[in-house]
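**Student:** Residue numbers (our numbering): 459 to 682. No residue lacks a Cβ here, since even glycine has one placed at the ideal position from N, Cα and C. Note that this is a predicted model, so its numbers are computed, not measured.
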Ligand SMILES: [Cu+2]
């Protein structure tokens, strides 16, 4: 064998060895063949959480320097706070109650008037009445967590309803709609939630200010 041929054999041999080692390493990293799923029964219980919110036309000077901004509020131990970052348990059933004190601004995209990603067959309740879809013109806001495919349209109060709330925090004695629904969280993570109604009155196309500032019409859920 010539010197060149010997060199060629050595190079080809080394490349083959390295390729086998890389293959073994990749197999090691990816855990080998497809894992076998052990048959299991679903757990009888899963964690549940109650998330209580209110949506208001104007947040008021007690809760924000931007007193006229539209906002969500969360009830923390019985007190209303302007906080839109919430921690929820993973793989849990979350029961949501939203007291909406705001009027009807309407959805720009009627597709969002149908609820999705909910338990109970994608149904939500308005003042106790089960529904799957709203007239798009009657929505004040939506509650949506895109990562969980959750979206719910929030029915607004009527223009002529008596005793309307001017500034938050609003009380249940004032004109409101009560919207309830349940959804399931998934695996742990940091997920965005938001309103998709362009409800920021006085801003360009309704999408400025409270629609793009954390703490008003959007926020995050930390699923742990
Ligand atoms: Cu909104």
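Contact between the segment 633-651 and the segment 603-613: three or more CB pairs below 8 Å?
**Tutor:** These segments touch.
**Student:** Would you mind sorting residue 571 into buried or exposed? The rule is 16 or more other CB atoms within 10 Å of its CB.
**Tutor:** Buried is the call here.
**Student:** Determine the direct distance from the alpha carbon of residue 656 to that of residue 566, and round the result to whole angstroms.
**Tutor:** So the two alpha carbons sit approximately 7 Å from each other.
**Student:** What does a CB cutoff of less than 7 Å around residue 540 pick up in its chain, not counting 5 residues either side in sequence?
**Tutor:** The answer, listed in chain order, is 517, 521, 522, 529, 531 and 673.
**Student:** Would the segment 633-646 and the segment 549-565 be scored as touching if the rule is three or more Cβ pairs under 8 Å?
**Tutor:** Yes: at least three Cβ pairs fall under 8 Å.
**Student:** Nearest by alpha-carbon distance to residue 537: which of 544, 598 and 510 is it?
**Tutor:** Of the listed residues, the one whose Cα sits closest to residue 537 is 510.
**Student:** Mapping DSSP to helix, strand and coil, what is residue 469?
**Tutor:** Residue 469 falls in the helix class under three-state DSSP.
**Student:** Can you tell me whether residue 562 is buried or exposed? The criterion is at least 16 other CB atoms within 10 Å of its CB, across all chains shown.
**Tutor:** Buried, because 16 or more other Cβ atoms sit within 10 Å of the Cβ of residue 562.
**Student:** For the segment 575-651, which segments carrying the beta strand (DSSP E) assignment without a break, of at least 3 residues, lie completely within its bounds, in sequence order?
**Tutor:** For the segment 575-651, whole beta strand (DSSP E) runs of length 3 or above, ordered along the chain, are 582-584, 587-589, 597-603, 608-613 and 635-642.
**Student:** What is the chain-ordered set of residues for which the beta carbon lies under 6 Å from any non-hydrogen atom of ligand 1?
**Tutor:** Working through the chain, the matches are 528, 599, 653, 655, 657 and 675.
**Student:** Once the 5 residues before and after residue 631 are set aside, which same chain residues still bring their CB inside 8 Å of it?
**Tutor:** Same-chain partners within the cutoff: 621.
**Student:** Starting from residue 532, follow the beta strand (DSSP E) in both directions and report where the run begins and ends.
**Tutor:** Residue 532 -> beta strand (DSSP E) spans 529-534.
**Student:** When the distance is taken between beta carbons, is residue 547 closer than 7 Å to residue 602?
**Tutor:** Going by C-beta atoms, residue 602 is not nearer than 7 Å to residue 547.
**Student:** Could you spell out where the beta strand (DSSP E) holding residue 507 opens and where it closes?
**Tutor:** Run containing residue 507: 506-514, per the beta strand (DSSP E) assignment.
**Student:** Excluding the five sequence neighbours on either side, which residues of its own chain have a C-beta within less than 6 Å of the C-beta of residue 569, listed in chain order?
**Tutor:** Once the five neighbours on either side are set aside, residue 569 has no close Cβ partner at all.
**Student:** Could you give the DSSP three-state label for residue 545: helix, strand or coil?
**Tutor:** Three-state result, residue 545: strand.
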